[in-house]
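The structure appears below as structure tokens.
Residue numbers (our numbering): 32 to 166.
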């Protein structure tokens, strides 16, 4: 169900959807320490947990936001700037299936440039609805 949803949201087949998730999740767990990586991985569907849980306790500092973008871009044959949308689609689906507070905690353990890959840009101007209601 999870991979089907990612594939549907990204307009690709399930095999590419699964590979997309593999690359995104591997990028995240590679940068997290051992315990933070486990806490993140247990939020994922079981098939991904088995692939990502590893003995190595040290974060791989060679994994950067640009590397994750390039990995996704290579897989989907899109420019790195376009890869961000696919990464965010994977994250959006994961947020529907996993514990959101645990996912936020995992993002806090990542370097800021990687964490930003998963954030949707802010909407335009915010309105003060209390002020609007008092008019």
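In this text, a Cβ means the ideal position worked out from N, Cα and C, and glycines have one as well. Since the model is a prediction, treat every value here as computed from it, not as a measurement.
Does the segment 47-59 come close enough to the segment 100-108 to have 3 or more Cβ pairs within less than 8 Å? yes
Give the range of the alpha helix (DSSP H) segment to which residue 83 is assigned. Reading the chain shown from its first residue, position 52 is the one you call residue 83. Element bounds for residue 83: 77-83.
Just to confirm, are residue 147 and residue 96 a CB contact at a threshold of 8 Å? For the purposes of this step, residue 147 is taken as residue 116 along the chain shown, with counting starting at 1. For the purposes of this step, residue 96 is taken as residue 65 along the chain shown, with counting starting at 1. Yes.
Which of the three DSSP states, helix, strand or coil, is assigned to residue 150? The residue given as residue 150 occupies position 119 in the chain shown. Coil at residue 150, not helix or strand.
Euclidean distance between Cα positions of residue 47 and residue 126: Residue numbering aside, residue 47 sits at position 16 when the chain shown is read from its first letter. Residue numbering aside, residue 126 sits at position 95 when the chain shown is read from its first letter. For residue 47 and residue 126, the distance between alpha carbons rounds to 20 Å.
Taking the beta carbon of residue 137 as the centre, do at least 16 other beta carbons fall within 10 Å, making it buried, or is it exposed? Your numbering for residue 137 matches position 106 in the chain shown. It is buried - the Cβ of residue 137 has at least 16 other Cβ atoms within 10 Å.
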